[in-house]
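2 protein chains.
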Amino acid sequence: MNDASPHPDQDANLASAEMLAPPQSIDAFFTRLGSTADRLPKRLKQFANYIAANPDKVAVSTVAELADGADVQPSAVMRFCQEMGFSGFSQMQKLFRSDYSQKWPDYATRLAKLREHGTESPSALLAEFVEVGRASLENLLTTVDPIALQQAVDVLARAETIHMIGFRRAFPVTSYLAYAFEKMDVPAVLHSGIANINMEHLIRPNDAVIAVTFAPYTEMTIDMATKARASGADIVAITDVVTSPLARLKAIQLLVSELDVGAFRALSASLSLAIALAVSVGAQRNRI
Amino acid sequence: MNDASPHPDQDANLASAEMLAPPQSIDAFFTRLGSTADRLPKRLKQFANYIAANPDKVAVSTVAELADGADVQPSAVMRFCQEMGFSGFSQMQKLFRSDYSQKWPDYATRLAKLREHGTESPSALLAEFVEVGRASLENLLTTVDPIALQQAVDVLARAETIHMIGFRRAFPVTSYLAYAFEKMDVPAVLHSGIANINMEHLIRPNDAVIAVTFAPYTEMTIDMATKARASGADIVAITDVVTSPLARLKAIQLLVSELDVGAFRALSASLSLAIALAVSVGAQRNRI
DNA sequence: ATAAAAATGGAATTTATATTCCAAACGCGG
DNA sequence: CCGCGTTTGGAATATAAATTCCATTTTTAT
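Chains as they are written, first to last, in the working numbering: chain F, 1 to 288; chain Z, 289 to 576.
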């Protein structure tokens, strides 16, 4: 923006410990934090991240509590406050406290307000997805059969290699599974369909497959799962209804009914199921 | 409870200073206040009215400040607290403070406890992810700035081509964006990093970039976003805190603070934000 | 590799805040 | 109008919190 400014009183231009007016608002505070965080030493950055993630705690906590939460020393908190331009913690807390009472209108009323403003604005749409996501998550606990889930975990924990199949709208689910398995050192292959190479022959009898697909079902997912089944692998299906084509394969079915907003859905429930599945499998494998 | 007692120790029957269990929730507190207020002496009633009218102040004020606001003496505040069953002001304030952060409860310790209890069944884990997902979704509405969101939509609707960058745990988000944009015929490129081909030079000045990364930030995402910025493209950042490295790029920041379960998170909030963003962009493009 | 500078952790100190105490004021029944 | 229990204001004390200080460790530059 104002690069030619002769007055170098911008945050960015301040080399270091020069005294500097304290932020006058929470917004100003976080703006400055964003532009300063890089330059901060380790512990101060650590604390900066903590309050960036927990801004609501500042108003109602003591230095010691915050320090504890961020896993730093109280003195580091003090240095941070001074680095941000405050005289000390108390002054900074005063800022957060003055902003605090404005936050009283809770989630419910905020949502209602957003709704009133018409479904035109992106925020209203976001509110829709949030609401639908919450509902889907609640449903998830009733649609997923705990026994089936346990079976799925057993099967996957026993498998030599886990194969993940899922395209288009299901791909975020499989790619997150792939990430989780990799992080836990579980041998797993993501069949991404890149270059149209079919890696079906990689699937061996002692392997297991996680197939993810929702109506309208992707042809390729069904195909690949069918072939995998033929070669003796177990199938765990993450899908939407019992009548899904995957049912025919004697797959262990984990059902997710995700609600739509228009033509799209939030995928919250599917992702949550997937990650819970992955972590359980990882835990069970390492336990052995 | 104690049925043997001939003295019913209900609030209503207590004439005066008998010790009495402190309220366990804000609701319980106000219920008791309502049934006790009449019996209180003048100054204490005066103070009761004050906090009934300003409940949000209790968590962030000192005794002296509240006393001042209600125009009573600090000692009156103390007597009030004790009359309500608390040991003193501090205990009462603790209740008000914990209730506030109830919106974002202390999951870290709660999860630690759960893990000690050995509740490692897959269903229990799933329940955790569902719970955390719900909390994250609720928070999403407070962390995402509606104005920034609108800006992001404008920028993306105006762009010739939209580029999506995000790897590892962020990849499910970008891949879902890619799916949504494709379905709405919005020209968009998913930079997947396949074959280590850098497609940075594809990014032209009239394009826009959606960069998605969460701590610990993926180097490549930052790199690519930086280069894109250098070639004049606008950046929309989906990230976790303002201290994110993407802040430096004058990006439009959409903040999602997702809670962890162990080393993983449910991604519910991030996905919801992403799809709301995509649909808004699609709608706005087609409107023109 | 070494010295200088910066950052850190923890204890010591200062300051703010909660809490208690008591004398004075008040209201009430005689 | 007087005595007695209750309530009140304000000062005194105890407690907890913020802030500073300094010795030790870590990083940076030479």
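Note that CB positions come from ideal geometry on N, CA and C, so glycine has one too.
These numbers come from a predicted model, not from an experiment.
Quick one: measure Cβ to Cβ for residue i and residue j, integer angstroms, because I've assumed they're closer than 8 angstroms.
i, j, result
"THR527/Z", "THR501/Z", "6 angstroms"
"VAL144/F", "LEU414/Z", "7 angstroms"
"ASP522/Z", "ALA496/Z", "4 angstroms"
"ALA188/F", "THR161/F", "7 angstroms"
"PRO343/Z", "VAL153/F", "Not really, about 46 angstroms apart at Cβ, beyond 8 angstroms."
"ARG553/Z", "LEU537/Z", "ARG553/Z to LEU537/Z, Cβ: 24 angstroms. No contact."
"GLY133/F", "SER268/F", "4 angstroms"
"ALA64/F", "TYR100/F", "Rounded, the Cβ-Cβ distance is 20 angstroms, inconsistent with contact."
Can you have a look at residue i and say buried or exposed, based on whether 16 or more other CB atoms are within 10 angstroms of its CB?
i, result
"HIS191/F", "buried"
"ALA215/F", "exposed"
"ALA358/Z", "buried"
"ILE147/F", "exposed"
"SER349/Z", "buried"
"SER558/Z", "buried"
"GLU131/F", "buried"
"GLU128/F", "buried"
"THR142/F", "exposed"
"VAL529/Z", "buried"
"LYS401/Z", "Residue confidence is low: LYS401/Z scores 48 on pLDDT, short of 50, so the model does not pin down where it sits. Its coordinate-derived value is still stated next. So LYS401/Z counts as exposed."
"ARG398/Z", "Low confidence applies to ARG398/Z: its pLDDT is 46, below 50, so where it sits in the model is not reliable enough to give any reading."
In whole angstroms, give me the CA-to-CA distance for residue i and residue j.
i, j, result
"PRO172/F", "LEU534/Z", "23 angstroms"
"PHE318/Z", "LEU66/F", "29 angstroms"
"GLN439/Z", "PHE89/F", "34 angstroms"
"PRO493/Z", "LEU255/F", "45 angstroms"
"PRO362/Z", "GLN381/Z", "14 angstroms"
"THR221/F", "ILE210/F", "10 angstroms"
"MET164/F", "LYS227/F", "14 angstroms"
"LEU561/Z", "PHE167/F", "21 angstroms"
"ALA539/Z", "VAL524/Z", "5 angstroms"
"ILE203/F", "SER231/F", "7 angstroms"
"GLY262/F", "GLN541/Z", "26 angstroms"
"ALA124/F", "VAL567/Z", "12 angstroms"
"ASN574/Z", "TYR464/Z", "20 angstroms"
"ARG385/Z", "ALA325/Z", "23 angstroms"
"ILE26/F", "ASP548/Z", "25 angstroms"
"ALA48/F", "MET78/F", "12 angstroms"
"ARG327/Z", "ALA76/F", "49 angstroms"
"ASP473/Z", "LYS345/Z", "51 angstroms"
"MET512/Z", "HIS489/Z", "10 angstroms"
"TYR338/Z", "ALA52/F", "33 angstroms"
"GLN572/Z", "ARG446/Z", "9 angstroms"
"LEU437/Z", "ALA180/F", "29 angstroms"
"GLN379/Z", "GLN312/Z", "11 angstroms"
"LYS471/Z", "VAL281/F", "33 angstroms"
"GLU219/F", "GLY34/F", "47 angstroms"
"PRO28/F", "SER87/F", "The question names Pro, but residue 28/F in the sequence shown is Ala. Taking the straight line from one Cα to the other gives about 16 angstroms."
"TYR505/Z", "VAL72/F", "22 angstroms"
"ARG32/F", "LEU383/Z", "33 angstroms"
"GLN309/Z", "PRO22/F", "In the sequence as presented, Gln is not what sits at residue 309/Z; that position holds Ala. Roughly 43 angstroms separates the two Cα atoms."
"ASP356/Z", "GLU120/F", "46 angstroms"
ask   = Fully enclosed by the stretch 422-478 of chain Z, which beta strand (DSSP E) runs are 3 residues long or longer?
value = 450-453
message = Using a Cβ distance threshold of 8 angstroms, determine whether the stretch 409-425 of chain Z contacts the stretch 454-472 of chain Z, with at least three qualifying pairs required.
response = no
key: Inter-stretch contact (C-beta, 8 angstroms, three-pair minimum) for the stretch 80-100 of chain F and the stretch 40-51 of chain F   = With three or more CB-CB distances shorter than 8 angstroms, the stretch 80-100 of chain F counts as touching the stretch 40-51 of chain F.
query = In the stretch 530-559 of chain Z, which residue ranges form an unbroken beta strand (DSSP E) of at least 3 residues, counting only runs that do not cross its ends?
reply = 540-543
Runs of alpha helix (DSSP H) wholly within the stretch 45-82 of chain F (minimum 4 residues, chain order) = 55-58 and 63-70
query = If you scan the stretch 496-528 of chain Z from start to end, which runs of the beta strand (DSSP E) of 3 or more residues do you find wholly inside it?
reply = You should have 496-500 and 522-527.
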